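Chemist:
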Amino acid sequence: MLNVSFRSTERQTPIKAINPKLHLTVLRPHTCQAYVEEIYRLAGNVIDELHFMPQERASLAGYDALIDAGNQLFREDFATLEMHDFFLRHLGIAPESVPQDIKTNRWLRDGMPEQAPPLDGRYVLFNHRASTRLRNVPDAVLVEFVEHIYQQHGRARCWIR
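Numbering (the numbering used here), first residue to last: 684 to 844.
(1) Helix, strand or coil, according to DSSP, for L825 in the structure here?
(2) I701 by DSSP, collapsed to three states: which one?
(3) Are I785 and A700 closer than 8 Å when you measure CB to CB?
(4) Taking the alpha carbon of F735 as the reference point, which residue from S780, E720, E827 and A799 has its own alpha carbon closest?
(5) Can you have a look at P697 and say buried or exposed, based on whether 16 or more other CB atoms are within 10 angstroms of its CB?
(6) Among R758, H767 and L707, which has the Cα closest to the Cα of S780?
(7) Look at the alpha carbon of N810 and the alpha carbon of A744, and state the distance between them as a whole number of angstroms.
(8) Nearest to R812 by CA position, among G804, P821, R805 and Y806, is which residue?
(9) Report yes if the CB atom of Q738 is closer than 8 Å to the CB atom of L710, and no otherwise.
(10) Which residues in the same chain as P712 place their Cβ atom closer than 8 Å to its Cβ, once the five residues preceding and following it in sequence are excluded?
(11) Would you tell me roughly how many angstroms separate the C-alpha atoms of E759 and E830, rounded to the nearest one?
(12) Is it right to say E693 is buried, meaning 16 or more other beta carbons lie within 10 angstroms of its own, or is it exposed?
(13) Is the distance from the Cβ of H773 to the Cβ of V807 below 8 Å?
(14) Ordered along the chain, which non-local residues of its own chain (more than five positions away) have a Cβ less than 6 Å from that of L707?
(15) Contact criterion: CB-CB distance below 8 Å. Does P697 meet it with respect to chain C?
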């Protein structure tokens, strides 16, 4: 595992804070669900180049490193490690060497254009279903979670999906 030092700036993405000179090229399947396509579009401040499979093997020769980040669900530690630590570990970086403030998903938030709030007043959105069943909030604790949200946020409007 690598131990790395970090410099974090407000508008810099965590991966670019780790290595400001990093040029990130992603190779992925040509078709994805519409919501995945939207994430790739919004990730323009993270991904420098996007290429689609299949690619000739020779086209990969000019890169300093090739990292296969696919098929996460089939890796033994996917269900047991925190998401950021999982990816850091599989990138060869010791997760404990990365400050917690860098382990955030703010890259997507920071890349979003300014938008008017959709509702007036306080509200809570909660979806207990994730993109994979493994990450769902278990039905056995769902009522307890919703009750906790209600207790924390009082009379805020709540939408539970």
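By construction, the Cβ of each residue, glycine as well, lies at the ideal position given by its N, Cα and C atoms.
Owing to the predicted nature of the structure, the values given are computational and were not obtained by experimental measurement.
Modeler: In short, the structure shows the following:
(1) Translated into positions along the sequence shown, residue 825 becomes position 142. In this structure, L825 counts as helix in the three-state DSSP scheme.
(2) Sequence index remark: in the sequence shown, residue 701 carries index 18 (1-based). DSSP places I701 in helix when its eight states are reduced to three.
(3) Working through the sequence shown from its first residue, we reach residue 785 at position 102. Working through the sequence shown from its first residue, we reach residue 700 at position 17. Cβ distance < 8 Å, so I785 and A700 count as in contact.
(4) Locating residue 735 in the sequence shown gives position 52, where the first residue counts as 1. When only C-alpha atoms are compared, the closest one is E720.
(5) The sequence position of residue 697 within the sequence shown is 14, counting from 1. Buried.
(6) Within the sequence shown, residue 780 is the residue found at index 97, counting from 1. When each option's Cα is compared against that of S780, the closest is H767.
(7) Counting from one through the sequence shown, the residue named residue 810 turns up at place 127. Counting from one through the sequence shown, the residue named residue 744 turns up at place 61. About 43 Å.
(8) Locating residue 812 in the sequence shown gives position 129, where the first residue counts as 1. That would be P821, whose Cα lies nearest to the Cα of R812.
(9) The residue given as residue 738 occupies position 55 in the sequence shown. The residue given as residue 710 occupies position 27 in the sequence shown. Contact flag set, yes.
(10) Here the question's residue 712 lines up with position 29 in the sequence shown. Same-chain partners within the cutoff: F735 and M736.
(11) Mapped onto the sequence shown, residue 759 falls at position 76. Mapped onto the sequence shown, residue 830 falls at position 147. Whole-angstrom Cα-Cα distance: 33 Å.
(12) Walking along the sequence shown from the start, residue 693 turns up at place 10. Low per-residue confidence applies at E693: pLDDT is 44, beneath 50, and the placement is therefore not dependable enough to give any value.
(13) Indexing the sequence shown from 1 puts residue 773 at position 90. Indexing the sequence shown from 1 puts residue 807 at position 124. Not closer than 8 Å, so no.
(14) Along the sequence shown, one-based indexing puts residue 707 at 24. The residues are I730 and D731.
(15) Structure shown: chain C not included; a single protein chain is present.
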